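Here this note's numbering is used: the first residue of the sequence shown is 128, the next is one more, and so on. Quick notes on the structure that follows.
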Amino acid sequence: MDQSLGNSEAVRLAQASDWKSLQRLLERDPSMAKQRGDHGMLPIHWACTVRRVPLSLVAKLLQAYPEGVQVKNGGQLLPLHIAIRARVQASCLRKLVRAYPEAVSERTPDGISALKMAQDIGLDVDCLKVLYRAQERTSLIQQHKGEHSSSCDRRNAEFELKRGMSEQEEGEAFGIKRPKMKTWSGLMLLYRSLLWEILILAGSFMSVMMGS
128 MDQSLGNSEA
138 VRLAQASDWK
148 SLQRLLERDP
158 SMAKQRGDHG
168 MLPIHWACTV
178 RRVPLSLVAK
188 LLQAYPEGVQ
198 VKNGGQLLPL
208 HIAIRARVQA
218 SCLRKLVRAY
228 PEAVSERTPD
238 GISALKMAQD
248 IGLDVDCLKV
258 LYRAQERTSL
268 IQQHKGEHSS
278 SCDRRNAEFE
288 LKRGMSEQEE
298 GEAFGIKRPK
308 MKTWSGLMLL
318 YRSLLWEILI
328 LAGSFMSVMM
338 GS
């Protein structure tokens, strides 16, 4: 559970860029990574304001509070947004997007995505590669989810159709009238049944006419 205790010890150390002391504190008490200070800043937000923050510290913060990379500060900025503005190293960006790939598409209050911000700022090629790859992974994951969802929908539709036909046949065998099904398969069965009755009536009518 996130804590908001003003400028806690962890926040003060992060704000002062006292990385060694902060890392020792996290080793003693990992929950300190969840503490927010002024402007809703977590220690990881402060760490991302420094261009050459130690990667070991970023890793420790992510390990102590994995969800922190998804938390926006009071200005509605993710750690990735702040890191891009600070022009951090590609290796730092890589750790952030591995923990939360969707961050590359998250928008700032100005409506600019993290990737677009990086392009506008003019980050180096290595940094942009990291962000592009994260976006590609996110797109593939979303595409896979969409295909999986469509496949599930098709299987569910086939199951409903088979179940509807099975229930209808079972009802006819035992002389039970099933309530009308609200599914598309139920409507199709009803339509076919009515059409069959109409054809029978039409045949009977023609027989009577021909006999007379």
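For each residue, glycine too, the CB sits at the ideal point set by N, CA and C. For clarity, every value in this text was computed on a predicted model and none was experimentally measured.
Item, Value
"Do Leu207 and Ala191 have their C-beta atoms closer together than 8 Å?", "no"
"In its own chain, which residues sit with a C-beta less than 7 Å from the C-beta of Asp253, not counting the 5 before and 5 after it?", "Ala217"
"Would you check if the distance between the CB atom of Ala213 and the CB atom of Leu223 is smaller than 8 Å?", "no"
"When the Cα of Gly201 is compared with those of Gly167, Leu184, Ala186, which residue comes out closest?", "Gly167"
"DSSP state of Arg179, grouped into three classes?", "coil"
"What residue range does the alpha helix (DSSP H) around Asp100 cover?", "This structure cannot settle anything about residue 100, because the visible part of the chain is limited to 128 through 339."
"Determine the extent of the alpha helix (DSSP H) in which Val224 is found, giving its start and end residues.", "217-226"
"Check whether the Cβ atoms of Leu188 and Ala160 sit closer than 8 Å, and answer yes or no.", "yes"
"Can you check whether the CB of Tyr227 is closer than 8 Å to the CB of Val185?", "no"
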